[in-house]
Amino acid sequence: MTGSDHRIASHVSRRTVLATMLGGVAAVGIAGVSPAFAEDKIVRVGFSLAHTGWAAAYDVGYALGLRMAFDEANAKGGAGGKYKIEVTEGTDTASSSVEAIKSVDALLEKGVDVLFTSCDATSSVAAGRSGQKKGVLMFAGTSTQVDVPAKVGDWMYLANFSDNVSGGSTGVFAAKDLGIKTAYLLKSSDNTYTEYVPEYFAKTFEQYGGKVVGKGNFTFEQADFGGIIAEIKALPAEPDAIMTAAFEPDLPAFLRQARAAGIKSRIVGADGIDSPSFYALGDLVENTIVLSNRMPVEGSKYQEIAKVFGKSHPDQVDNSAWIVGYDAGLVLIEAIKNADATDSASIRAALDKIKDFDVPNGKVSYTGFERRPMVPISFLEIKSGKGVFMKAATIDTADIPAPIM
Numbered sequence: 001m002t003g004s005d006h007r008i009a010s011h012v013s014r015r016t017v018l019a020t021m022l023g024g025v026a027a028v029g030i031a032g033v034s035p036a037f038a039e040d041k042i043v044r045v046g047f048s049l050a051h052t053g054w055a056a057a058y059d060v061g062y063a064l065g066l067r068m069a070f071d072e073a074n075a076k077g078g079a080g081g082k083y084k085i086e087v088t089e090g091t092d093t094a095s096s097s098v099e100a101i102k103s104v105d106a107l108l109e110k111g112v113d114v115l116f117t118s119c120d121a122t123s124s125v126a127a128g129r130s131g132q133k134k135g136v137l138m139f140a141g142t143s144t145q146v147d148v149p150a151k152v153g154d155w156m157y158l159a160n161f162s163d164n165v166s167g168g169s170t171g172v173f174a175a176k177d178l179g180i181k182t183a184y185l186l187k188s189s190d191n192t193y194t195e196y197v198p199e200y201f202a203k204t205f206e207q208y209g210g211k212v213v214g215k216g217n218f219t220f221e222q223a224d225f226g227g228i229i230a231e232i233k234a235l236p237a238e239p240d241a242i243m244t245a246a247f248e249p250d251l252p253a254f255l256r257q258a259r260a261a262g263i264k265s266r267i268v269g270a271d272g273i274d275s276p277s278f279y280a281l282g283d284l285v286e287n288t289i290v291l292s293n294r295m296p297v298e299g300s301k302y303q304e305i306a307k308v309f310g311k312s313h314p315d316q317v318d319n320s321a322w323i324v325g326y327d328a329g330l331v332l333i334e335a336i337k338n339a340d341a342t343d344s345a346s347i348r349a350a351l352d353k354i355k356d357f358d359v360p361n362g363k364v365s366y367t368g369f370e371r372r373p374m375v376p377i378s379f380l381e382i383k384s385g386k387g388v389f390m391k392a393a394t395i396d397t398a399d400i401p402a403p404i405m
């Protein structure tokens, strides 16, 4: 979930995390000092991320997850037991394309081998063009926008699931697992995420027997949803569900007005509402379906890692950005090990061959997915202020909707 127009309500607690957490954090849950490494055994990784602005709500947790993975590896002798991962923190991108370009250019001057850019897709694309010219491997934060790799070039990769995979998976889940027969799509053309995810949902939802009975378009920070609500009320029958990729503050505003008007349709949401601030809205969001990178199941490998992470960062553990970062860190470590080298080209070649690689909440594959990986996705249901695990998302490769470019 990303894009330059994306705005997060000022009360989102994740924004209050000090930007200093991004720099020089100690290894999470690890004692001791990393062994010394020769210069030719060091992979230099640059973080060009937002410390301030809306993107910090995601970039802060993402960076902490990355550092946890890298610190764990370095404490055990590095990637493959021989390559140290050395992180250089770039300047604050401030959720701005202009600042992102400055940040990336400075890191490239320092000779980094790998770059992790912001979740803000517009910033990642703008800054990523510098990395593309230099031939440096890049990952676009928690960004989910399908077209980011294509807009930059063959050195840019997503680390997160793409919107067509998440929307398509949700359509299959709604039709097959939830038994939803009819759905209304609540969209916004202000952002490709809020516009296209419902369309990807519709493709597989109808393929598996569901029916889209209407579509409504809102604008960000819209105060009055009366027109859309009237349209829903005028339908021959109330839809079983309203599917949307809307997030705060728009989705809560819509829900308050819809519930007040007597609309009881279930809300099937996307990953943009996988946040403690949304869960805290009480009865208003009860039974809402949420897409997540997290798998909060007691006894699972994910939960074990989350407990370790949560001891140091209790305010971040329910923010799925950290596990996207942790998984991405593990994937990079595996690619470095398999490449048995420190240069970008060798690491990229090894990354392209990664298939069914185990991470705490499932498997990751890059092979055959055009730099947009298949990564673990879960469906959660909000119950009493918590995201309760329902099922790991699955979608056949043949069912993934074609990207809207």
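To convert, note that position 370 of the sequence shown is 370 in full-length UniProt numbering; the numbers rise steadily by one, no gaps. All C-beta atoms in this analysis are idealised placements derived from N, C-alpha and C, irrespective of residue type, glycine included.
Backbone secondary structure at residue i - three-state DSSP
i, result
"V148", "helix"
"R294", "coil"
"V104", "helix"
"G29", "In this predicted model, G29 has a pLDDT of only 40, less than 50, meaning its place in the structure is not dependable; the value taken from the coordinates is given anyway. Residue state, collapsed to three classes: coil."
"K386", "strand"
"T88", "strand"
"R7", "The pLDDT assigned to R7 is 43, lower than 50, so where the model puts this residue is not dependable, and the model offers no usable value."
"S97", "helix"
"A79", "strand"
"A37", "The sequence given here has Phe at residue 37, not Ala. Coil."
"F225", "coil"
"I404", "coil"
"S275", "coil"
"E231", "helix"
"L380", "strand"
"G128", "helix"
"S300", "coil"
"S48", "strand"
"R15", "Because R15 sits at a pLDDT of 33, beneath the cut-off of 50, its placement in the model cannot be relied upon, and the point is left open."
"V317", "coil"
Proximal residues to residue i (C-beta, below 6 Å), its chain only, five neighbours per side dropped
i, result
"G53", "A94 and S95"
"Q242", "The residue asked about is misnamed: residue 242 is Ile in this sequence, not Gln. Closer than 6 Å at Cβ, skipping near neighbours: Y184, L186, S265 and I267."
"S300", "none"
"G61", "Q316, N319, A321 and W322"
"G325", "Y62, G65 and L66"
"E99", "T93"
Rounded Cβ spacing between residue i and residue j (contact assumed at less than 8 Å)
i, j, result
"Y193", "D163", "6 Å"
"V45", "T342", "About 11 Å; that fails the 8 Å criterion."
"I289", "E381", "6 Å"
"V136", "L108", "7 Å"
"T244", "L251", "7 Å"
"T117", "A127", "6 Å"
"A246", "S188", "7 Å"
"I305", "P360", "5 Å"
"C119", "Y58", "4 Å"
"G282", "G385", "7 Å"
Beta bridge counterpart(s) of residue i as assigned by DSSP
i, result
"residue 414", "The chain is shown only over 1 to 405; residue 414 falls outside these bounds and no answer can be derived."
"L186", "G216 and T244"
"F161", "Its beta-bridge partners do not exist; DSSP assigns none."
"K211", "T182"
"K391", "F379"
"I267", "I242"
Beta-carbon contacts of residue i that lie in its chain and below 7 Å, excluding the five residues immediately before and after
i, result
"K211", "K181 and T182"
"A111", "For the record, residue 111 in the displayed sequence is Gly; it is not Ala. Within the same chain, G111 has close Cβ partners R44."
"F389", "M295, P296, V297, S378 and L380"
"I400", "N164, V165 and G168"
"E334", "I354 and F357"
"V87", "V45, F47, R67 and F70"
Cut-off 8 Å between Cβ atoms - residues of its own chain near residue i, not counting five sequence neighbours on either side
i, result
"M405", "V146, D147 and A150"
"L284", "P252, L255, R256 and R259"
"Y302", "R294, M295, P296, I323, P360 and N361"
Check your understanding: Where in the stretch 327-375 do unbroken runs of the beta strand (DSSP E), each at least 3 residues long, occur, reported from the N-terminal end onward?
Key -> 357-359 and 362-364
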